[in-house]
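A.B. asks:
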Amino acid sequence: DAGVIQSPRHEVTEMGQEVTLRCKPISGHNSLFWYRQTMMRGLELLIYFNNNVPIDDSGMPEDRFSAKMPNASFSTLKIQPSEPRDSAVYFCASKRGNQPQHFGDGTRLSIL
Amino acid sequence: ILNVEQSPQSLHVQEGDSTNFTCSFPSSNFYALHWYRWETAKSPEALFVMTLNGDEKKKGRISATLNTKEGYSYLYIKGSQPEDSATYLCAFSNQAGTALIFGKGTTLSVSS
Chain A
2 DAGVIQSPRH EVTEMGQEVT LRCKPISGHN SLFWYRQTMM RGLELLIYFN NNVPIDDSGM
62 PEDRFSAKMP NASFSTLKIQ PSEPRDSAVY FCASKRGNQP QHFGDGTRLS IL
Chain B
2 ILNVEQSPQS LHVQEGDSTN FTCSFPSSNF YALHWYRWET AKSPEALFVM TLNGDEKKKG
62 RISATLNTKE GYSYLYIKGS QPEDSATYLC AFSNQAGTAL IFGKGTTLSV SS
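Read top to bottom, the protein sequences are chains A and B.
Residue numbers for the first sequence follow this note's numbering, beginning at 2 and rising by one.
Residue numbers for the second sequence follow this note's numbering, beginning at 2 and rising by one.
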């Protein structure tokens, strides 16, 4: 079975550019999570969706960050405009019901 | 603010040593406690999900216990091997359908 698929794996871009991270959850999973991993804060929850509906976006750092889940098989996390402090590894995870979360391989983002 | 604390932050053991580390979480409104194993350059993988006070789970040389009344869980590794080197994350949820709150992890290094 395919796991959670994230793209791109690596992104290097200049400050001020728009960045879009993509996630395809495991088929049949009804919850999707976006996390950011940094050395200082560890794994931080940014936003999560249940049945494509955003439930809690209190972890989204500021208005430059937005996330959508237009259907059960796709979600995006967008940063516009990007800043160097946004550099981190961004993970997407999905789960079904109360089962454990399955993580994607992450997107390593570097903003110059 | 719900907080999950893990200790120690890191430890280094010799091959064959047994070791354990701790996860502390809020003892009120407990729903589930998850343990994940996170190898470098990979994504976190679920080890255990525990929901009942006194639960004990085992997978090979790795086991975990849960005390929901006092708000802690222990992860034990018996006879550590170099391939056990990873960061071990615990995550807590206080109700069904909500996101997990992750600790910052314990990074284990096993040398041969």
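Don't be surprised by glycine CBs; every beta carbon is placed ideally from N, CA and C.
Bear in mind that the values here come from a model prediction, so they are computed numbers and not experimental data.
Along the segment 43-67 of chain A, what residues have a CB closer than 7 angstroms to any CB found in chain B?
C.D. replies: Of all residues in the segment 43-67 of chain A, Gly43, Leu44, Leu46, Tyr49, Asn51, Asp57 have a Cβ within less than 7 angstroms of some Cβ in chain B.
A.B. asks: In the segment 72-106 of chain A, which residues sit with their C-beta less than 7 angstroms from some C-beta in chain B, listed in chain order?
C.D. replies: Correct list: Phe92, Asn99, Pro101, Gln102, Phe104, Gly105, Asp106.
A.B. asks: Verify the CB distance criterion: does Lys59 of chain B have a CB-CB separation below 8 angstroms to chain A?
C.D. replies: Cβ-Cβ to chain A under 8 angstroms: no for Lys59 of chain B.
A.B. asks: How would you list, in chain order, the residues of chain A whose beta-carbon sits under 7 angstroms from the beta-carbon of Ser44 of chain B?
C.D. replies: Result: Phe92, Phe104, Gly105, Asp106, Gly107.
A.B. asks: Could you tell me the distance, in whole angstroms, from the CA atom of Asn68 of chain B to the CA atom of Asn54 of chain B?
C.D. replies: Straight-line Cα distance between these residues: approximately 5 angstroms.
A.B. asks: Over the uninterrupted beta strand (DSSP E) stretch that includes Leu34 of chain B, give me the two end residues.
C.D. replies: Note, Leu34 of chain B: beta strand (DSSP E), 33-39.
A.B. asks: Lys105 of chain B CB to nearest chain A CB: under 8 angstroms?
C.D. replies: Output row for Lys105 of chain B: interface = yes.
A.B. asks: At the 8 angstroms Cβ level, is Ala47 of chain B part of the contact set with chain A, yes or no?
C.D. replies: Yes, because at least one Cβ of chain A sits closer than 8 angstroms to the Cβ of Ala47 of chain B.
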